[in-house]
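Report on the following structure.
Chains as they are written, first to last, in the numbering used here: chain H, 1102 to 1389; chain Y, 3 to 184.
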């Protein structure tokens, strides 16, 4: 089995990974080093987030560059299998066997994660379903569950086997606010012992959950840091007024009826406290 | 690993869509019984059965939860072999049942196996998203082309699954093995 040498504490590292689909470069020369905790990947549609997460989940092999997951190089089949034993993966918009119950679905995934002790496996499947708030629905057919509940079944399938590395592509899709808060606790537990990488469009989710944020655009990581640092990027560059502002990179009408602007404020502008949203907008606009 | 596949067999069988295969089996049985009752040859039904059952077996590779299962330690190839075994065994049994009900001398299960292996090979090498659909269509397309094309070289080549099924089976199996990492 191939092991790779990375900085101690690093659970996930990439060097120059690139993935192309024909003439489109979906992931372009990405370098990463991530330890324990939760990493959020932000970016506009088509930025390459899903492709990057598929590479990190060993589903796709990069065309170029090297990858180390949990200290192993997944390019080797034996190492890839070993990584997968310790990996949980939630793809974007996953489909399930709708004739199964949540318990049967999660149990099936656990079998394929090579958990062969039936009694223990069933207990763990029930336990992760409890953790995602489906304890009372685990014996209902999946086809009778709402979209949000089906998303939680898929999340439970990713969580089964207490993975050290959890790769989640838009895990909060279809979840209501209460379920989102429950999701945060579940992910925080996993992050206490390993690494969680999640992609999202929801900057509030990132601010609440993540220790590290990566902003992707056109296949590249154009910014990385903490959520506070991302908000800090917009320090002194967010203001509010009643009128359109020609110097603004981006403006929008807020609920109370004033306009919020991100860009270079004019003299005497009423500066506002920046949010992760503002920082993200600024970073992605400046990257273009 | 074999223990994992044994434990996975029952839920995998439950995840397979059996209705198309059962419907096809019913239609084929009726056709053979009616043919026999009318004292007519059912050779054509057996050829149709080979193409239809092969398409059904290849279609059994379709896994709706493939994305969710993409990063489990049991590889997609092993999961496909399990599905083929689960769907292929009843298909072969159906073919033998139809064969035993017919009164003509059979050419054996070669055409069924050759078409199935060809469909699987196409599914292995076709672009991922439509791979199983293209693979499952292959036996039907080969059957239709063999019936439609005028006698000649093209028809001979397309009809190899009927005239030289074991060679076709061997070549298709090699292609499957060569594409096992895809």
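Just so you know, even glycine gets a beta-carbon here, dropped at the ideal spot from N, CA and C.
Secondary structure in the stretch 1141-1194 of chain H: the beta strand (DSSP E) runs of 3 residues or longer, each lying completely within the stretch, are 1165-1170 and 1188-1191 in chain order. Within a 10 Å sphere around the beta-carbon of residue 1347 of chain H sit fewer than 16 other beta-carbons, which makes this residue exposed. Residue 1244 of chain H is classed as exposed because its beta carbon has fewer than 16 other beta carbons within 10 Å across all chains shown. In the three-state scheme derived from DSSP, where H, G and I count as helix and E and B as strand, residue 1362 of chain H is classed as strand. Taking the CA atoms as reference points, residue 135 of chain Y sits about 19 Å from residue 24 of chain Y. For residue 1172 of chain H, no CB of chain Y lies under 8 Å from its own CB, so it is not counted at the interface with that chain. For residue 1182 of chain H, the nearest beta carbon of chain Y is closer than 8 Å to its own beta carbon. The beta carbons of residue 1315 of chain H and residue 1256 of chain H sit no closer together than 8 Å. When the five nearest sequence neighbours on each side are left out, the beta carbons in the same chain lying within less than 8 Å of the beta carbon of residue 38 of chain Y are those of 44, 103, 104 and 105, in order along the chain.
In this structure, H:1310 is the residue among H:1232, H:1233, H:1366 and H:1310 with its C-alpha nearest to the C-alpha of residue 1143 of chain H. For residue 1353 of chain H, the enclosing beta strand (DSSP E) starts and ends at 1349-1354. Looking at the backbone, the Cα of residue 143 of chain Y and that of residue 1266 of chain H are separated by about 45 Å. Residue 1342 of chain H is not a Cβ neighbour of residue 1319 of chain H, given a cutoff of 8 Å.
For residue 9 of chain Y, the neighbours in chain H by C-beta distance under 8 Å run, in chain order, 1212, 1217 and 1219. 1158, 1159 and 1160: these are the residues of the stretch 1142-1164 of chain H whose beta carbon lies less than 7 Å from some beta carbon of chain Y, given in chain order.
Using a CB distance cut-off of 8 Å, residue 15 of chain Y does not count as an interface residue toward chain H.
Counting only runs of 4 or more residues that sit fully inside the stretch 1234-1258 of chain H, no alpha helix (DSSP H) segment turns up.
For residue 1121 of chain H, the uninterrupted beta strand (DSSP E) segment begins and ends at 1113-1122.
In this structure, DSSP gives residue 1126 of chain H an extended state, which the three-state scheme calls strand.
If you draw a straight line from the Cα of residue 145 of chain Y to the Cα of residue 83 of chain Y, it is about 24 Å long. At a cut-off of 8 Å between beta-carbon atoms, residue 1204 of chain H makes no contact with chain Y.
At a beta-carbon threshold of 7 Å, the residues of chain H lying near residue 69 of chain Y are 1192, 1195 and 1196, ordered along the chain. For residue 1372 of chain H, the pairing in a beta bridge is given by DSSP as H:1340. Between residue 130 of chain Y and residue 59 of chain Y, the C-beta spacing is not below 8 Å. If you compare the alpha carbons of H:1215, H:1172 and H:1324 with that of residue 80 of chain Y, the shortest gap goes to H:1215.
Under a 10 Å Cβ-count criterion, residue 1183 of chain H is classified as buried, with 16 or more other Cβ atoms of the shown protein chains found around its own Cβ. Where residue 1314 of chain H is concerned, the enclosing beta strand (DSSP E) starts and stops at 1313-1318.
Its chain contains 1222, 1226 and 1261 as the residues whose beta carbon lies nearer than 6 Å to that of residue 1211 of chain H, once the 5 sequence neighbours on both sides are disregarded; these appear in chain order. Of all residues in the stretch 65-93 of chain Y, only 66, 67, 69, 70, 71, 72, 73, 74, 75 and 76 place a beta-carbon less than 7 Å from a beta-carbon of chain H.
When C-alpha distances from residue 11 of chain Y are compared across Y:88, Y:57 and Y:63, the shortest belongs to Y:88. Here residue 1363 of chain H really is in contact with residue 1350 of chain H; their C-beta atoms are around 6 Å apart, less than 8 Å. In its chain, beyond the 5 residues on either side, 1130, 1131, 1132, 1165, 1166 and 1167 have a beta carbon closer than 8 Å to the beta carbon of residue 1117 of chain H.
In terms of Cβ geometry, residue 1127 of chain H and residue 1110 of chain H do not form a close pair [threshold 8 Å]. Contact between the stretch 12-23 of chain Y and the stretch 1197-1206 of chain H is present, with at least three C-beta pairs closer than 8 Å.
By the neighbour-count criterion, in which 16 or more other beta carbons inside 10 Å mark a residue as buried, residue 1122 of chain H falls on the exposed side. Residue 171 of chain Y: member of the alpha helix (DSSP H) spanning 167-180, first to last residue.
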